[in-house]
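Chemist:
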Amino acid sequence: MYKRSHTCGQLRKTNVGVTINLNGWVNSVRLHGQVVFVDLRDRYGKTQIVFDADSFSGDFEAVKKLSMEDVLSIQGAVRDRSESAVNPNMVTGEIEVAVTDYIMLNEAAPLPFVLSDRDNAEENLRLKYRYLELRMEELQKNILIRHETYQAVRSYLSGLEFVEIETPVLMKSTPEGARDYLVPSRIHQGKFYALPQSPQIYKQILMIANYDRYFQIVKCFRDEDLRADRQPEFTQIDIEMSFIDEEDIFVHMEGLTRHVFKSIRGIDLPDPFPRLTYADAMETYGSDKPDLRYGMQLQDVKDFTDASDFNVFKSAEKVKGIIIKGGAKYSRKNIDELTDFVKKYKAKGLAWMKWEKGTFIGGISKFFSENLQKAMFEKLSGNDGDILFMIGDDSSIVLNALGHLRVEIAKREALTNKDDFKPVWVTEFPMFEYDKEADRFIAMHHPFTAPRESDIEMLDSDPSNTLSRGYDLTLNGYEIAGGSIRIHSPKVQEKVFSLLGLSREEAVEKFGFLVEALTYGAPPHGGIAFGFDRLVMLLAGTENIRDVIAFPKTTSATSLMDESPNNVSANQLDELGIQIKKSKK
RNA sequence: GGGAUCGUAGUUCAGUUGGUUAGAACGCCGGCCUGUCAAGCCGGAGGUCGAGGGUUCGAGUCCCUUCGGUCCCGCCA
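Be aware that the first sequence starts at 1138, since it is given in our numbering, and climbs by one per residue.
Below, the structure is given as structure tokens:
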């Protein structure tokens, strides 16, 4: 091999005349009989190399057999291209390398798919041959953005005295939250470790242990079903601080986020970030992760529907609507599609009326008197050519369905620009959600989240309305970080456990070491965890988390490349004392 | 656990109402070609129509089951 003197993205006009060595992959071959053009590619770019039968002294017949993705090492001279031969689409397009000698480092077998465009192959094939897909420019760009994001995060936090500390990957299974991935213990047969859903307990213990400011870029594992933005193993920027309150978290995390966007994308995010309470976010946007890049806010229309002759909504707990600018163009078919869409979120239907010449037409407009229509026109600030969609039902259904409808319409109407970033903090989450099936409260965030000081007494009197000191950072409709000020009083912690239906014994059994640790001088503390993959997704401008993970899993949590999960030998199982139950089928 | 959708040559796709020998482009193989940059031109090979079952004189096409990919609901922060 000729040790490379330059990369394939490096040579320019100033290098003309120099003898150089390049190593790389054959990106494409253009054979013209007595002259062969090859685009040689490495991580850094592409360079056109030329084999000329007149001047090339080696085996020219072999050169004619070069094919895509062969690995070459070449020696040659950089030369100018004639003006008509310049390729303005390549940064190295003003020069080319006249090859004097080359070594075939590795011949590539015929490829399962052509690497020029990711659409050339279905995703299952690309995932099976992920190493080929990763050679493509688009993925390489994403992987590099990911790398830069790690570096930006580390340098920023380290500069603020945050200490990077690793926490165990083999830990104790804890009951709340997501399903754990379990790891059987060989030494203690019948017992299991769990992989962390997040290093939550460890980072709180580190605060108690005096480490003041901690961070870690860490893999977390959740055995739940996947989504386009959800993988079973994913990465968090995990952060915890002592002697602080919410404002300290907001200031530092905004600083971190601004630093990342500025250094990776050159984008200035607002200072400070706007904030919304959970209640406002739900009422105004129908989501706890609102996308603020567009309006279409949810508006209360119950007074109007109650005053109308439309009886369907009279008994509804809540009636809200959204106005779509120019939505009067929607056909019956469009509206039917959107009706089916909201039915996924348990809405029974989608009522609508179009505005035309200051009055409503179509849909349920005939149930609204002229005066009522006039009042609505003024109050709801609609315009001719708009459409009003309404849902009436239980509050949670109305908000959820309209919230999703809002996002869907923004997508259909292309209201979002992926280079526009609108962060917003969502605060004052409820402490608990009531789980009807289990007939008990479950923690909305997690069981260590502190209630607001003013709400501590409500834990006894009115737990379902207690608000927490939890907060999420939302960006363009994605939750990119979430955290809370933690409980540092053992008494409050035990109270919360009991509300979650954990007896004293169970709480001690499951979280005893943390409860105990809280009694040995726990500082007030709180923290946050960023979804690193989602953050990189947004920075890279993709909506698919697999695009920013080198070796992602499929929707059914398998890896098509290495075929995991897979069977293990009887010996391995035996050592672990594990027997596989026959499947029901 | 549920819903939607996709699966045809190495790859991306087309394939009518069920009807004779399942097509195209790219890739691959062979040939021509000294300025291309998605090179071009000529020729060739290449098919378990995801798998299994059924209906039918006849199934890529209709029905059932099943496997896999993707998106969504539930689930998950």
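We treat Cβ as the ideally placed atom computed from N, Cα and C, and that holds for glycine.
Kindly give me the distance between the Cβ atoms of Leu1610 and Leu1675, rounded to whole angstroms, as I take these residues to be in contact under 8 Å.
Modeler: The Cβ separation is near 12 Å, so there is no contact.
Chemist: Take Ser1635 as the anchor and find which of Pro1600, Glu1653, Gly1607 has the nearest alpha-carbon.
Modeler: Cα-wise, what sits closest to Ser1635 is Pro1600.
Chemist: Pull up the distance between the alpha-carbon of Gly1251 and that of Met1419, whole angstroms please.
Modeler: The sequence given here has Val at residue 1251, not Gly. Going by the C-alpha atoms only, they are around 46 Å apart.
Chemist: Measure the Cβ-Cβ separation of Phe1299 and Gln1334 and say whether it is below 8 Å.
Modeler: No.
Chemist: Does the stretch 1488 to 1506 touch the stretch 1522 to 1540, meaning 3 or more C-beta pairs lie closer than 8 Å?
Modeler: The answer is yes - the stretch 1488 to 1506 touches the stretch 1522 to 1540, with three or more Cβ pairs under 8 Å.
Chemist: Is it buried or exposed, Ile1717, if we count other Cβ atoms within 10 angstroms and call 16 or more buried?
Modeler: Ile1717 is exposed by the Cβ-count criterion.
Chemist: In angstroms, rounded to a whole number, what distance separates the CA positions of Thr1286 and Val1479?
Modeler: Their Cα atoms are separated by approximately 37 Å.
Chemist: Among the residues of its own chain, which have a CB less than 7 Å from the CB of Leu1539, if the five just before and after it don't count?
Modeler: Taken in chain order, the residues that qualify are Gly1423, Leu1435, Lys1457, Ile1459, Ile1528.
Chemist: Just to confirm the assignment, what range does the alpha helix (DSSP H) spanning Lys1480 have?
Modeler: Residues 1469 to 1480.
Chemist: Report the rounded CA-to-CA distance for Asp1557 versus Asp1349, giving the unit in angstroms.
Modeler: Whole-angstrom Cα-Cα distance: 35 Å.
Chemist: Relative to the C-alpha of Ser1295, which residue among Phe1352, Glu1270, Asp1473 is closest?
Modeler: Answer by Cα proximity: Phe1352.
Chemist: Based on Cα-Cα distance, which residue from Ala1512, Ala1416, Thr1311, Leu1307 lies nearest to Phe1321?
Modeler: According to the sequence provided, residue 1321 is Pro. The question's Phe does not apply to it. Here the closest residue by C-alpha is Leu1307.
Chemist: Since Thr1229 and Thr1184 should fall inside the 8 Å C-beta cutoff, what is the C-beta to C-beta distance between them, to a whole number of angstroms?
Modeler: Indeed, because the Cβ distance is near 5 Å, the residues count as touching under 8 Å.
Chemist: Whole angstroms is fine: what's the gap from Gln1147's alpha carbon to Arg1178's?
Modeler: Looking at the two C-alpha atoms, the distance is approximately 11 Å.
Chemist: Which of the three DSSP states is assigned to Phe1450 in this structure?
Modeler: Residue state, collapsed to three classes: coil.
Chemist: Look at the alpha carbon of Leu1406 and the alpha carbon of Glu1391, and state the distance between them as a whole number of angstroms.
Modeler: Using only the alpha carbons, I get a separation of about 9 Å.
Chemist: Apart from the five residues just before and just after Cys1145, which ones in its own chain have a Cβ nearer than 7 Å to its Cβ?
Modeler: Cβ within range, chain order: Leu1159, Gly1161, Leu1177, Arg1178, Asp1179, Tyr1181, Gly1182, Lys1183, Thr1184.
Chemist: Just verifying my parser: in three-state terms, what is the DSSP assignment at Met1513?
Modeler: Met1513 falls in the helix class under three-state DSSP.
Chemist: Would DSSP call Lys1457 helix, strand or coil?
Modeler: It is a strand residue.
Chemist: Identify whether Pro1588 lies in helix, strand or coil by the three-state DSSP scheme.
Modeler: Pro1588 falls in the strand class under three-state DSSP.
Chemist: Considering just the uninterrupted stretch of the beta strand (DSSP E) at Ala1235, what are its terminal residues?
Modeler: Ala1235 -> beta strand (DSSP E) spans 1232 to 1243.
Chemist: In this structure, how does DSSP classify Met1138 when only helix, strand and coil are distinguished?
Modeler: Correct three-state label for Met1138: coil.
Chemist: Between Ala1484, Phe1504, Asn1520, Gly1486, which lies nearest to Gly1495 when the distance is taken from Cα to Cα?
Modeler: Nearest option by C-alpha distance: Asn1520.
Chemist: Check this for me: beta carbons of Glu1270 and Arg1255, under 8 Å apart or not?
Modeler: Yes. Within cutoff.
Chemist: Evaluate Phe1371 with the Cβ neighbour count: other Cβ atoms within 10 Å of its Cβ, from every protein chain shown; 16 or more gives buried, anything less gives exposed.
Modeler: Label assigned to Phe1371: buried.
Chemist: For Ile1386, which of Lys1516, Leu1332, Ala1246, Thr1564 has the nearest alpha-carbon?
Modeler: Nearest option by C-alpha distance: Thr1564.
Chemist: Using the beta-carbon count (16 or more within 10 Å), is Thr1692 buried or exposed?
Modeler: Classification for Thr1692: exposed.
Chemist: Start and end of the beta strand (DSSP E) containing Lys1491?
Modeler: 1488 to 1493 is the extent of the beta strand (DSSP E) around Lys1491.
Chemist: Any contact between the stretch 1502 to 1513 and the stretch 1445 to 1452? By contact I mean 3 or more CB pairs, one from each, below 8 Å.
Modeler: Taking 8 Å as the limit for Cβ pairs, the verdict is that the stretch 1445 to 1452 does touch the stretch 1502 to 1513.
Chemist: Figure out for me which residue from Ala1222, Gln1709, Tyr1467, Glu1594 has the closest Cα to the Cα of Arg1549.
Modeler: When only C-alpha atoms are compared, the closest one is Tyr1467.
Chemist: DSSP beta-bridge partners for Cys1357?
Modeler: For Cys1357, which the question treats as bridged, DSSP gives the partners Phe1371.
Chemist: For the alpha helix (DSSP H) that Ala1199 lies in, which residues bound it at each end?
Modeler: Looking at the DSSP string, the run of the alpha helix (DSSP H) that includes Ala1199 is 1197 to 1200.
Chemist: Using only CA atoms, which one of Gly1663, Phe1380, Phe1566, Phe1514 lies nearest to Thr1414?
Modeler: Checking every option, the nearest Cα to that of Thr1414 belongs to Phe1566.
Chemist: Quick check: what's the CA-CA separation for Thr1656 versus Gly1649?
Modeler: Each residue's Cα considered, the two are about 11 Å apart.
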